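Colleague:
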Amino acid sequence: MIIVTGATGKLGRRTVERLLERVPADRVGVSVRDPRKAQDLGGRGVRVREGSFDDPASLAHSFEGAEQLLLVSLDRTGQECVSGHRAAIDAAVQAGVGRILYTSQMGAAHDARFQACRDHAQTEDLLRATGLPWTALRNGFYASSALQFLESARHTRDITLPADGPVAWTGHDDLAEATAVILAEEARFEGPTPPLTGPAALDFDTVAEIASQTTGRPFTRTVVPDDAFREQVLAHGAPAPIADLMLSIFAAARNGEFTAVDSTLAELIGREPATFRTQLERAWAE
Numbered sequence: 001m002i003i004v005t006g007a008t009g010k011l012g013r014r015t016v017e018r019l020l021e022r023v024p025a026d027r028v029g030v031s032v033r034d035p036r037k038a039q040d041l042g043g044r045g046v047r048v049r050e051g052s053f054d055d056p057a058s059l060a061h062s063f064e065g066a067e068q069l070l071l072v073s074l075d076r077t078g079q080e081c082v083s084g085h086r087a088a089i090d091a092a093v094q095a096g097v098g099r100i101l102y103t104s105q106m107g108a109a110h111d112a113r114f115q116a117c118r119d120h121a122q123t124e125d126l127l128r129a130t131g132l133p134w135t136a137l138r139n140g141f142y143a144s145s146a147l148q149f150l151e152s153a154r155h156t157r158d159i160t161l162p163a164d165g166p167v168a169w170t171g172h173d174d175l176a177e178a179t180a181v182i183l184a185e186e187a188r189f190e191g192p193t194p195p196l197t198g199p200a201a202l203d204f205d206t207v208a209e210i211a212s213q214t215t216g217r218p219f220t221r222t223v224v225p226d227d228a229f230r231e232q233v234l235a236h237g238a239p240a241p242i243a244d245l246m247l248s249i250f251a252a253a254r255n256g257e258f259t260a261v262d263s264t265l266a267e268l269i270g271r272e273p274a275t276f277r278t279q280l281e282r283a284w285a286e
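Residues 1 to 286 in full-length UniProt numbering are what the sequence shown spells out, letter by letter.
1) With H, G and I counted as helix, E and B as strand and the rest as coil, what does DSSP make of W134?
2) Taking DSSP's pairing of strands, which residues face L161 in a bridge?
3) Beta strand (DSSP E) containing S104: first to last residue?
4) Name the DSSP beta bridge partners of G191, please?
5) Express the C-alpha separation of I3 and P24 in angstroms, rounding to a whole number.
6) Leaving out five residues before and five after A87 in sequence, what residues of the same chain have Cβ atoms less than 6 Å from its Cβ?
7) So, helix, strand or coil for D111, using DSSP?
8) Exposed or buried, what is A228 when buried is set at 16 or more other beta-carbons lying within 10 Å of its beta-carbon?
9) Near R230, which residues of its chain fall below 6 Å by C-beta distance, leaving aside the five closest residues on each side in sequence?
10) Beta carbon of T197, beta carbon of A168: below 8 Å?
11) State yes or no: is the C-beta of L74 within less than 8 Å of the C-beta of G65?
12) So what does DSSP say about E50, is it helix, strand or coil?
13) Report the start-end ranges of each alpha helix (DSSP H) in the region 223 to 250 that is 4 residues or longer and not cut off at the edges.
14) Could you tell me the boundaries of the alpha helix (DSSP H) in which G42 lies?
15) Pop quiz: Q105 and A116 are said to be a contact at Cβ under 8 Å. What is the actual Cβ separation, rounded to whole angstroms?
16) Alpha carbons only, please: which of S145, C81, A283 is nearest the one belonging to E124?
17) Relative to the ligand FAD, is the shortest distance from any of its heavy atoms to the C-beta of P273 smaller than 7 Å?
18) Which residues mark the beginning and the end of the beta strand (DSSP E) in which L74 is found?
19) Cα separation between V224 and A238?
20) For V28 and G78, I'd like the C-alpha separation in whole angstroms.
21) Within the same chain, show all residues whose beta-carbon is closer than 7 Å to that of A187, passing over the 5 residues directly before and after it, in chain order.
22) Under three-state DSSP, which class holds L150?
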């Protein structure tokens, strides 16, 4: 039995779909906060159980019988995030899970500039301390984040963001497929994987060139001071912790924390991962 948390989210849902191409549905289970959102999976033979990171007993029940557990990282930050992961890991130990796979991130380190990468490093420490077999999937930075940063530029044709550095933007679809390959035991890693990245690391100067080539319209790149960017984000209604989190992405990129490009993702999925150009074209066509 393979159990997947967060199976109604972007990465979790895609992973379940790819997993069902590789193993029988009765070997797959999902642990979800709202089982109603996974009814269609239940109709296909997937075991659906309610599991909330704020209710450890429900997690232990939803993890029951798991040979492998895919722990999809929470959309939280700081101690709230790490505490949720700790609850899930403790529940996995209690349920007798054989192996835990965790969606970490390239650049995970205790001294990372990006808060989420510090959270990932703490979670990896928790996994290491269990004594169980575990794998940390060091996923490349999600390309969907870059597309969100570009949303206003679709209309203004000016990418107005803080100074950055090259980032190996990586697609959810490719990462989900690689995760399914590992869960189906077509590949195995002990501890952290190499960075699972797209084929190139790009800064937003290069992204502006790609946007120009893709649309046939000129895009410019304007560097805005960090403080000014933070004020803009706050003015749009974001709380201060979110503004600081967003700003820390650029600080980490400037520090070279997301520049690594590795062939492991391509080897796992048997083809080159989607380029950022392909993902931009697909997103903007929609």
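All C-beta atoms in this analysis are idealised placements derived from N, C-alpha and C, irrespective of residue type, glycine included.
Bear in mind the structure is a predicted one, so any value in this text is a computation, not a measurement.
Modeller: Reading it off the structure:
1) For the purposes of this step, residue 134 is taken as the residue at position 134 of the sequence shown. DSSP places W134 within a strand segment (E or B) once states are collapsed to three.
2) Taking the first residue of the sequence shown as 1, we reach residue 161 at position 161. Note: L161 sits in a beta bridge opposite V223.
3) Your numbering for residue 104 matches position 104 in the sequence shown. That run of the beta strand (DSSP E) goes 99 to 105.
4) To locate residue 191, count along the sequence shown from 1; it is residue 191. According to DSSP, G191 bridges with T135.
5) On the sequence shown, residue 24 is found 24 positions in, with the first residue counted as 1. On the sequence shown, residue 3 is found 3 positions in, with the first residue counted as 1. Cα-Cα distance, rounded: 13 Å.
6) Reading the sequence shown from its first residue, position 87 is the one you call residue 87. Excluding residues within five positions, the ones whose Cβ falls inside 6 Å are F53, P56.
7) Numbered from 1 along the sequence shown, position 111 holds the residue referred to as residue 111. The answer is coil: DSSP assigns D111 none of H, G, I, E or B.
8) Here residue 228 corresponds to residue number 228 of the sequence shown, with the count starting at 1. Classification of A228: exposed, given that the 10 Å Cβ count is below 16.
9) For the purposes of this step, residue 230 is taken as residue 230 along the sequence shown, with counting starting at 1. Taken in chain order, the residues that qualify are A243, L247.
10) The sequence position of residue 197 within the sequence shown is 197, counting from 1. The sequence position of residue 168 within the sequence shown is 168, counting from 1. Cβ distance < 8 Å, so T197 and A168 count as in contact.
11) Taking the first residue of the sequence shown as 1, we reach residue 74 at position 74. Taking the first residue of the sequence shown as 1, we reach residue 65 at position 65. No, the Cβ-Cβ distance between L74 and G65 is not below 8 Å.
12) Counted from its first residue, the sequence shown places residue 50 at position 50. Residue state, collapsed to three classes: strand.
13) 226 to 235
14) By one-based count along the sequence shown, residue 42 stands at place 42. Taken as a continuous stretch (DSSP letters only), the alpha helix (DSSP H) holding G42 covers 39 to 43.
15) Within the sequence shown, numbered from 1, the residue matching residue 105 stands at position 105. Within the sequence shown, numbered from 1, the residue matching residue 116 stands at position 116. Confirmed, Cβ separation roughly 6 Å.
16) Within the sequence shown, the letter at position 124 stands for residue 124. Cα-wise, what sits closest to E124 is C81.
17) With respect to small molecules bound, the structure shown includes none, and the ligand FAD cannot be examined in it.
18) Here residue 74 refers to the residue found at position 74 of the sequence shown. Taken as a continuous stretch (DSSP letters only), L74 belongs to no beta strand (DSSP E), as it is neither H nor E.
19) Here residue 224 refers to the residue found at position 224 when the sequence shown is read from its first residue. Here residue 238 refers to the residue found at position 238 when the sequence shown is read from its first residue. Looking at the two C-alpha atoms, the distance is approximately 18 Å.
20) As a position in the sequence shown, residue 28 is number 28, starting the count at 1. As a position in the sequence shown, residue 78 is number 78, starting the count at 1. Each residue's Cα considered, the two are about 31 Å apart.
21) Indexing the sequence shown from 1 puts residue 187 at position 187. So the list reads V181, L268, once near-sequence residues are dropped.
22) For the purposes of this step, residue 150 is taken as the residue at position 150 of the sequence shown. Coil, per DSSP.
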